[in-house]
Structure formats: structure tokens, C-alpha cells
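Visitor: Just so you know, the protein sequences line up as chains A and B, in that order.
Here the first sequence stands for residues 1490 to 1641, numbered as in the working numbering.
Here the second sequence stands for residues 1490 to 1641, numbered as in the working numbering.
C-beta atoms are modelled at their ideal positions from N, C-alpha and C, and glycine is treated no differently.
It should be emphasised that the depicted structure is a prediction, and the values quoted were computed from it without experimental measurement.
2 protein chains.
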Amino acid sequence: MTTTRRFPTREELRIWRDFIETGEAVRSAMAARLQRDGLSSGDYTVLLALSEAPGRRLRSSELAATVGWERSRLSHHLGRMEKRGLIRREECLTDNRGAEAVLAPAGLEIFQQVNRPHLRDIREIFVDALTPAQLEATGEIMAALREHLARE
Amino acid sequence: MTTTRRFPTREELRIWRDFIETGEAVRSAMAARLQRDGLSSGDYTVLLALSEAPGRRLRSSELAATVGWERSRLSHHLGRMEKRGLIRREECLTDNRGAEAVLAPAGLEIFQQVNRPHLRDIREIFVDALTPAQLEATGEIMAALREHLARE
DNA sequence: CGGGCATAATTGACACGTCAATCAGCTTGG
DNA sequence: CCAAGCTGATTGACGTGTCAATTATGCCCG
């Protein structure tokens, strides 16, 4: 009876824009809080991954896979973090092409300072804004979007 | 009875990360499609606003308000779009400080070419991925997040 | 063995976004 | 009227992200 609509309705469009804009607003609010401790979201992502890695070190490519970044993005970011003394780079013993990123003392210290406040911020900005049912629905919606994306 | 939890649970954290990462994935998928026509998301946003404005022109500050951007972001973006011939800048007659952004013929043409495919992409990437109930829930969740953010 | 291909990582060029500083023109209170 | 301050817009510096090219090494097959 009803054929597949070609274009979104006004309401669907509104929700789409809400989705995009709210995501940006939430990320930017979180970035602002992290910034108070001098970290960007990317910094936190890297520090978290390294702090959880055995020996607090990871091959560049493993780190990239862990955080889901492209190599070159990681390379640029590590360069900036190294300049600030948050990480070090070392050569890889088992593969001369390889590089390892090592959590530096300054990086560990700031991560430990920032981690609990950051988790609290996630609760304040995100978890507390939603009912348990909405939170669950969010999980399902994100899963549906990702699965749909993957089917292309 | 139950005091406010200090930190998110594992599950809440998972949903938080899903929310952030899915948002990034969806935006990036959309950006890739627009890119096939040589436009960034920002370009589309500006072209849409201008194409709907009376005379296809807007004062810079009004354009900034319409799309919700900071002035300086808009200024940089308009500079790039002007270089590509998508818009022109003209002086404002009523306020010598002012500048107007005017949709250039090339900008109008590409916008008209891109608009319908873009709307179709929104349906394919976003609307089609969700059930009607999920779509409605998304609207409510985004509203809740924004309202919560505004309360700070 | 060694030429050719794959892989690890970096680099450079460029688009994008934010922040702080700047500049010009409007506006207003004494 | 005019100095002080406000507003519109741009700019420069810098962090960030992507893409394509590059460099160096490992690996495999003939």
C-alpha cells in the first residue's frame, strides 16, 4: 500500500537534526570539562587505553585498533602528547618498523587526577539526564544505527 | 534509601561510549556521502540556510544564529566557501560594520544538485535504521539531554 | 638469495574549530 | 558633541582530523 517514502518527513528531519546537534553539544560539554584539567577528549582516550595496557605501553597499531583511530590520526596525536610529556615513544624490540607508546609519569599522574571527575561528568551530563528506560533505549538505538551502517 | 551513585556502572559507561562513537560514525558516514559532491557538512548547512533566506542572502550574524555557529567559525568557513565561488560577501547597506553572505550561482546550483540526494541519505542512514518507536524515543532522549545540559 | 609486495609508522598539505586579539563603526551619557 | 564602551566581523595561532605520499622494514616466493 504505502510505498517506501523517498524523503524524510518534517518530523523525521527534526529528529535527525536533534540527533546531530545534541551529539555535538554533549561532546563539546564534555570536552570543556576535560579541558579544565588540560586534556582533550583524544588525550583522555589515549591515556585510558595506555593505563589499562600491560606495562602501560602499546604498539602504535594496537593502540590505534583499541581506540578505533586511523594510524595517521594517532601518529599526529601521539606527537602532540609526546611534546607535552604525557607519553614517550620507544622502538619495538620484536619489529624494527614498530613503535611503542609508553605512558609517561606525567601522563599517568594527570590521568589518575582526571579519571574520577571524568566518570562523574559522564554521570552528570549523560546518565543523570535520562530515565533508566531511556538509557536502555539509547543503547538499542545506537546498536541499530551501527548495525544499519555496517550493512553497506 | 539509595544515595546517588557516584560513578556510572559498566553498562552505563558502555552506553555512553556507544552514544559518542555512534554519533561520530553516523556523522562521518554522512560527511562521506556529501563529499562525493564536493561538499562538507558545514558547506551544506550554510547553503541550506542561505537558500531559504529571503533574497538568498543573510547578514553574517543572522546566518551564525540560524545555523548555531560562533561568529569566527562562520567567518572562517565563509572565507573558504567564497574562495570556491559558492558564496559572495557584500557590504551591508544599513550598517557599515556588517557583512552579508550571498548565495552565488555556483552555490545554488550545487545545493540544488545535492539537496535531494542528501535528504535521501538521511532517510537511508538514519530514519530507515530505526523503528517509528525508536525514532520517537530518539527525539525525546535528545530533548532530555539538551534540557539537562541547559540547566547548568 | 633477492626482487617485489605487504605492513608499520610518519609526514605534509589542507580543511576545520576554538580562543583571544584586533579593528572598525555604532551608540550613548555627561 | 565626543570619549568610552558596545557590537559586527575578521584574523592569527594553534589543536585537531583526513587523505595521499613517503620511508623503512619484514616477508615470501621463484
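Where does E1625/A fall in DSSP's three states?
Guide: Stepping through the first sequence from its first residue, residue 1625/A is reached at position 136. If DSSP states are grouped into helix, strand and coil, E1625/A belongs with the helices.
Visitor: Considering E1580/A, what are the terminal residues of the alpha helix (DSSP H) in which it resides?
Guide: Looking up residue 1580/A in the first sequence gives position 91. Unbroken run through E1580/A is the beta strand (DSSP E), 1576-1580; no alpha helix (DSSP H).
Visitor: Applying the 10 Å Cβ sphere with the 16-neighbour rule, what's the burial state of P1497/B?
Guide: Stepping through the second sequence from its first residue, residue 1497/B is reached at position 8. It is buried - the Cβ of P1497/B has at least 16 other Cβ atoms within 10 Å.
Visitor: Could you tell me whether the Cβ of R1635/B comes closer than 8 Å to any Cβ of chain A?
Guide: The residue you call residue 1635/B lines up with position 146 of the second sequence. Judged by the 8 Å Cβ criterion, R1635/B is in contact with chain A.
Visitor: Using a 10 Å radius around the Cβ and a threshold of 16 neighbouring Cβ atoms, would you call D1532/B buried or exposed?
Guide: For the purposes of this step, residue 1532/B is identified with residue 43 of the second sequence, where counting begins at 1. The residue is buried, with at least 16 neighbouring Cβ atoms inside 10 Å.
Visitor: Kindly confirm or deny that the segment 1625-1636 of chain B and the segment 1619-1626 of chain A touch, where touching means at least three C-beta pairs closer than 8 Å.
Guide: With the cut-off at 8 Å, the segment 1625-1636 of chain B and the segment 1619-1626 of chain A touch.
Visitor: Nearest chain A C-beta to I1599/B closer than 8 Å, yes or no?
Guide: As a first step, residue 1599/B must be located in the second sequence, where it is residue number 110. No, its Cβ sits nowhere closer than 8 Å to a Cβ of chain A.
Visitor: When burial is assigned at 16 or more other CB atoms within 10 Å of the CB, is G1512/B buried or exposed?
Guide: If you number the second sequence from 1, residue 1512/B lands on position 23. With 16 or more other Cβ atoms within 10 Å, it is buried.
Visitor: Measure from the alpha carbon of G1527/B to the alpha carbon of each residue in E1510/B, G1574/B, R1503/B, then state which is nearest.
Guide: Sequence index remark: in the second sequence, residue 1527/B carries index 38 (1-based). It is G1574/B whose Cα lies nearest to the Cα of G1527/B.
Visitor: Excluding the 5 residues preceding and the 5 following A1518/A in the sequence, name in chain order all residues of the same chain whose CB lies nearer than 7 Å to its CB.
Guide: Taking the first sequence and counting its residues from 1, the one referred to as residue 1518/A is at position 29. If we look at A1518/A and ignore the five residues flanking it on each side, its Cβ neighbours are I1614.
Visitor: Quick one: list the residues of chain A neighbouring G1628/B, beta-carbon separation under 9 Å, in chain order.
Guide: Taking the second sequence and counting its residues from 1, the one referred to as residue 1628/B is at position 139. Within chain A, the residues near G1628/B are E1500, R1503, I1504, D1507, F1508.
Visitor: Helix, strand or coil for L1567/B? Go by DSSP, reduced to three states.
Guide: The residue you call residue 1567/B lines up with position 78 of the second sequence. If DSSP states are grouped into helix, strand and coil, L1567/B belongs with the helices.
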